[in-house]
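Asks:
Protein chains: 2
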Amino acid sequence: MAERIGEFTVSLSSRPTVWSSAAIVGKKEGEGPMAKYFDTIETDTRMGQDSWEKAESMFQKKALSCALNKAGLAPSQLQYLFAGDLLNQCTASAFGLRESGVPLLGQYGACSTMAQTLAMAAIFVDSGAADLCAAVTSSHFCSAERQFRYPLAYGGQRTPTAQWTATAAGCAVVGMGGKGAHIREVCAGRVVDLGITDANNMGAAMAPAAADTLSRFLDDTDTKPSDYDLILTGDLALCGSRMFHDLLSRKGIVLSDNYNDCGLMIFDRDKQDVHAGGSGCGCAASVLCGYVLPALERGELRNVLFMATGALMSTTSSKQGESIPGIAHLLHLTAE
Amino acid sequence: MAERIGEFTVSLSSRPTVWSSAAIVGKKEGEGPMAKYFDTIETDTRMGQDSWEKAESMFQKKALSCALNKAGLAPSQLQYLFAGDLLNQCTASAFGLRESGVPLLGQYGACSTMAQTLAMAAIFVDSGAADLCAAVTSSHFCSAERQFRYPLAYGGQRTPTAQWTATAAGCAVVGMGGKGAHIREVCAGRVVDLGITDANNMGAAMAPAAADTLSRFLDDTDTKPSDYDLILTGDLALCGSRMFHDLLSRKGIVLSDNYNDCGLMIFDRDKQDVHAGGSGCGCAASVLCGYVLPALERGELRNVLFMATGALMSTTSSKQGESIPGIAHLLHLTAE
């Protein structure tokens, strides 16, 4: 049964468990520092499809299939899929998962989608609405670039604050019992918009939401950053992470070496020309599902805050002069 | 506590209650047969904004505010907003609700979003994860036409199967206790895609999903259509409703006069030139929140199946030759 702690946090007394997880990534991600943690590195990031959008769907399909295989489950054993992505009308999910036969509850949280889908899966399992659910998300550099920025062939110059959308999908299967990471608490984020309008500086747009969610969670649970092994944001990357530090320090919250960001972990900024770092739903998803959840299962990590961040804009809203609303959803994950 | 009934249905033993609901519609919807049920009819469908997309956000904002006022609640008393819409990256919700200060869990189910958001709100309340949540969605004829079809000024000809996207928003506030409609069961839909590729015949693309979800629910609950006062689909409109009847009859399920479709109710097809009928998230949302939920509260309706239907395509997927996947989510609503 879920119980509210403080104003914003929900504690899941049944401690839903991640039965298995999978991370499928593209070639560039497979050349980065996290390569050894990923289940599959696709050297053909088109996945044999005739468009990048269709390829992105294949990443989701493969992530679900890989996670189910690891847990020895058939799709028919899942009650719900919680899935979303960055494509217009979330088509990477709809098309990637349409043949699964599993009821689909589409989620949209921009790059925060991995945290949001995992939170939904945990709450549904905890409530008894489901025995088993999967949380799935993806992003693809090529489908995102041409949808949000320029045609790839145009070769647009990127600013130093720009981030590189990861080509990757992650999937986590959640149920009761089992021996994986436990989902202990969930703190959903509210929209925070400080007026950033630079669509080439997503980290800055999302950092205030991340600071808001983390500070509310720490308040609600009466804990401090040093109580955790790892505090991990989704894709603030270099600029956003610095702002995140700064915004938190103004609230009297000091982060130390136990803080990291998936956007800084997935690529080698010195060697891979990704400017401020990685981004996209698949960035946080692949680092969580490839590295964090298995490390919790093995006991190498014991007490983690995972907080994926999203920028809730579209090209239309930006062209109409709107600022970029940010959001961040947090999960407290433990080994026991 | 949620309990699974059969393979696909969840029963909510605490019977979460709709504390209040609101429907805000545009001028054309206010000239239709349901006019007297709507809370506000906006004669300026631009809502004083400089774009239709911004206007659509204002519809959501106003629907939330109206529903909260009716229940005598402040936004800060809500724990979650479940909201979504048809615009790319669901910006009608993100921008319309960003100032509310309420944690936002964005939902994407295309035109099924009203059923999906209401289901999420009910499951969260039933589980104890929330005391009070709101479910919000919208559509706008002008923002949808130019995003999915043609610029309005082009004056594109519409086929007889085409539907008219309703300019409307609906909001329902869900909690425990109270005296409104109760949410008894939820049956989430799986993606059903029979290969329809005509983006001007959404009803046909969605009807198979509606038939799938209704037949699964009736199986799970061992009930028949005549057990309900009203069985209501979201926006199958004329062509889709006929297919829905036909598909169900092949499964041995016969619908009678207690069946209707929000897309057929919201407009007068003879007088309003909407071709096959209404569509859009706002169509099902405004009929549900303006008419059905209040009628359940007054006891004029007692036992309703509400099933909103969605077409999970984008212009990109259609241009790439993909068919249109359909989905339908069902709620069983009762007066007691």
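These protein sequences, in sequence, are chains A and B. The numbering used here applies: residue 1 is where the first sequence begins, and numbers increase by one. The numbering used here applies: residue 1 is where the second sequence begins, and numbers increase by one. Glycine is no exception: its CB is placed at the ideal position from the N, C-alpha and C atoms.
How many whole angstroms separate the CB atoms of B/Leu296 and B/Ala188, which I take to be in contact at a CB cut-off of 8 angstroms?
Replies: Walking along the second sequence from the start, residue 296 of chain B turns up at place 296. Walking along the second sequence from the start, residue 188 of chain B turns up at place 188. With 8 angstroms as the limit, B/Leu296 and B/Ala188 do not qualify as a contact, their Cβ atoms being about 21 angstroms apart.
Asks: Are the C-beta atoms of A/Asn260 and some chain B residue less than 8 angstroms apart?
Replies: The residue you call residue 260 of chain A lines up with position 260 of the first sequence. Chain B contact via Cβ: absent.
Asks: Could you tell me the boundaries of the alpha helix (DSSP H) in which B/Gly286 lies?
Replies: Stepping through the second sequence from its first residue, residue 286 of chain B is reached at position 286. One detail in the question is off: residue 286 of chain B reads as Ser in this sequence, not Gly. Per DSSP, B/Ser286 belongs to the alpha helix (DSSP H) from Cys281 to Val287.
Asks: Buried or exposed: where does B/Ala153 fall if 16 or more other Cβ atoms within 10 Å of its Cβ makes it buried?
Replies: Taking the second sequence and counting its residues from 1, one reaches residue 153 of chain B at position 153. Under the 10 Å beta carbon count, B/Ala153 is surrounded by fewer than 16 other beta carbons and is classified as exposed.
Asks: Looking at the structure shown, is B/Gly30 part of a helix, part of a strand, or coil, going by DSSP?
Replies: Numbered from its first residue, the second sequence carries residue 30 of chain B at position 30. In the structure shown, B/Gly30 sits in a helix (DSSP, three-state: H, G or I).
Asks: Reducing DSSP to helix, strand and coil, say where A/Gly84 ends up.
Replies: Taking the first residue of the first sequence as 1, we reach residue 84 of chain A at position 84. Residue state, collapsed to three classes: strand.
Asks: Helix, strand or coil: which one does DSSP assign to A/Ile253?
Replies: Translated into positions along the first sequence, residue 253 of chain A becomes position 253. DSSP places A/Ile253 in coil when its eight states are reduced to three.
Asks: Looking only at its own chain, which residues have a Cβ that is under 6 angstroms from the Cβ of A/Ala135, when we skip the five neighbours before and after it?
Replies: Start at 1 with the first residue of the first sequence, and residue 135 of chain A comes out as number 135. Cβ neighbours of A/Ala135 beyond the five flanking positions: Phe82, Thr117, Leu118, Ala121 and Ala172.
Asks: If distances are taken between C-alpha atoms only, which option among A/Asp257, A/Ser279, A/Glu56 and A/Met265 comes closest to A/Ser351?
Replies: With chain A covering only 1 through 336, there is no way to say anything about residue 351 of chain A.
Asks: Let's see if you can read the secondary structure: which residues bound the alpha helix (DSSP H) around A/Ala210?
Replies: Along the first sequence, read from residue 1 onward, the residue named residue 210 of chain A stands at position 210. Where A/Ala210 is concerned, the enclosing alpha helix (DSSP H) stretches over Met202 to Thr221.
Asks: For the stretch 156-170 of chain B and the stretch 208-228 of chain B, state whether three or more C-beta atom pairs, one from each stretch, are separated by less than 8 angstroms.
Replies: With the cut-off at 8 angstroms, the stretch 156-170 of chain B and the stretch 208-228 of chain B do not touch.
Asks: Which bits of chain C does A/Ile196 rub up against, with CB to CB less than 9 angstroms?
Replies: Among the protein chains of the structure shown, namely A and B, there is no chain C.
Asks: Would B/Met202 count as contacting chain A if we go by Cβ distances under 8 angstroms?
Replies: For the purposes of this step, residue 202 of chain B is taken as residue 202 along the second sequence, with counting starting at 1. So no, B/Met202 is outside the interface.
Asks: For A/Phe124 and A/Ala23, I'd like the C-alpha separation in whole angstroms.
Replies: Translated into the one-based positions of the first sequence, residue 124 of chain A becomes position 124. Translated into the one-based positions of the first sequence, residue 23 of chain A becomes position 23. Rounded to whole angstroms, A/Phe124 to A/Ala23 spans 23 angstroms at the Cα level.
Asks: Do B/Tyr108 and A/Tyr37 come within 8 angstroms of each other at the CB atom, strictly closer than that value?
Replies: Numbered from its first residue, the first sequence carries residue 37 of chain A at position 37. Numbered from its first residue, the second sequence carries residue 108 of chain B at position 108. No, Cβ-Cβ distance for A/Tyr37 and B/Tyr108 is not below 8 angstroms.
Asks: In whole angstroms, what separates the C-alpha of A/Pro160 from that of B/Tyr150?
Replies: The residue given as residue 160 of chain A occupies position 160 in the first sequence. The residue given as residue 150 of chain B occupies position 150 in the second sequence. Rounded to the nearest angstrom, the two C-alpha atoms are 37 angstroms apart.
Asks: Taking the continuous alpha helix (DSSP H) assigned at B/Glu297, which residues delimit it?
Replies: Stepping through the second sequence from its first residue, residue 297 of chain B is reached at position 297. Residues Leu293 to Arg298.
Asks: Indicate whether the contact test is met: 3 or more Cβ pairs, each with one atom in the stretch 53-68 of chain B and one in the stretch 86-104 of chain B, closer than 8 angstroms.
Replies: yes
Asks: Kindly list, in the order they appear in chain B, the residues whose Cβ is closer than 8 angstroms to that of A/Ile123.
Replies: By one-based count along the first sequence, residue 123 of chain A stands at place 123. Ordered by position in chain B, the residues that pass the 8 angstroms Cβ test against A/Ile123 are Ile123, Phe124, Ser127 and Ala129.
Asks: Tell me which residues share the same chain as A/Gly321 and place their Cβ nearer than 8 angstroms to its Cβ, disregarding the 5 neighbours each side in the sequence.
Replies: Position 321 of the first sequence, counting from 1, holds the residue named residue 321 of chain A. Counting only residues of its own chain and dropping the five nearest sequence neighbours on each side, A/Gly321 has a CB closer than 8 angstroms to the CB of Thr197.
Asks: Let me confirm a value: A/Met307 is counted as buried when at least 16 other C-beta atoms fall within 10 Å, else exposed. Which label applies?
Replies: Here residue 307 of chain A refers to the residue found at position 307 of the first sequence. The residue in question, A/Met307, is buried, as its Cβ has 16 or more Cβ neighbours within 10 Å.
Asks: So which of B/Cys289, B/Met176, B/Asp235 and B/Arg250 has the shortest CA-CA distance to B/Ala276?
Replies: If you number the second sequence from 1, residue 276 of chain B lands on position 276. The residue with the shortest Cα to Cα distance from B/Ala276 is B/Asp235.
Asks: If you compare alpha carbons, which of B/Ser20, B/Gly26 and B/Trp19 is closest to B/Gly282?
Replies: Position 282 of the second sequence holds residue 282 of chain B. Closest option to B/Gly282, Cα to Cα, is B/Gly26.
Asks: Kindly list the residues whose CB is nearer than 6 angstroms to the CB of B/Glu185, restricted to its own chain and excluding five residues on each side of it in sequence; keep chain order.
Replies: If you number the second sequence from 1, residue 185 of chain B lands on position 185. Excluding positions up to five away in sequence, the list reads Thr9, Ser11 and His332.
Asks: Between A/Gly32 and A/Phe267, is the Cβ-Cβ spacing less than 8 angstroms?
Replies: Along the first sequence, read from residue 1 onward, the residue named residue 32 of chain A stands at position 32. Along the first sequence, read from residue 1 onward, the residue named residue 267 of chain A stands at position 267. Yes; because the gap between Cβ atoms is below 8 angstroms, this pair is in contact.
Asks: Can you tell me whether B/Gly180 is helix, strand or coil according to DSSP?
Replies: Here residue 180 of chain B corresponds to residue number 180 of the second sequence, with the count starting at 1. Coil at B/Gly180, not helix or strand.
Asks: Count the CB pairs spanning the stretch 253-261 of chain A and the stretch 224-234 of chain A that are closer than 8 angstroms, and state whether there are at least three.
Replies: Contact between the stretch 253-261 of chain A and the stretch 224-234 of chain A is present: 3 or more CB-CB pairs across the two stretches fall below 8 angstroms.
Asks: Just to confirm before moving on: does the CB-CB distance between A/Gly6 and A/Asp220 stay below 8 angstroms?
Replies: As a position in the first sequence, residue 6 of chain A is number 6, starting the count at 1. As a position in the first sequence, residue 220 of chain A is number 220, starting the count at 1. Yes, the Cβ-Cβ distance between A/Gly6 and A/Asp220 is below 8 angstroms.
Asks: Work out the CA separation of B/Met114 and B/Thr309 for me, nearest whole Å.
Replies: Translated into positions along the second sequence, residue 309 of chain B becomes position 309. Translated into positions along the second sequence, residue 114 of chain B becomes position 114. Roughly 9 angstroms between the two C-alpha positions.
Asks: Can you list the alpha helix (DSSP H) stretches of 4 or more residues lying completely in the stretch 103-141 of chain A, in chain order?
Replies: 113-127
Asks: The alpha helix (DSSP H) that contains B/Asn69, what's its start and end?
Replies: Reading the second sequence from its first residue, position 69 is the one you call residue 69 of chain B. Looking at the DSSP string, the run of the alpha helix (DSSP H) that includes B/Asn69 is Trp52 to Ala71.
Asks: Give me, in chain order, the residues of the same chain whose beta-carbon lies closer than 7 angstroms to that of A/Asp246; leave out the 5 immediate sequence neighbours on both sides.
Replies: By one-based count along the first sequence, residue 246 of chain A stands at place 246. So the list is empty, once near-sequence residues are dropped.
Asks: Check the Cβ-Cβ distances between A/Glu53 and every residue of chain B, and say whether any is below 8 angstroms.
Replies: As a first step, residue 53 of chain A must be located in the first sequence, where it is residue number 53. For A/Glu53, the answer is yes, since a Cβ of chain B falls inside 8 angstroms of its Cβ.
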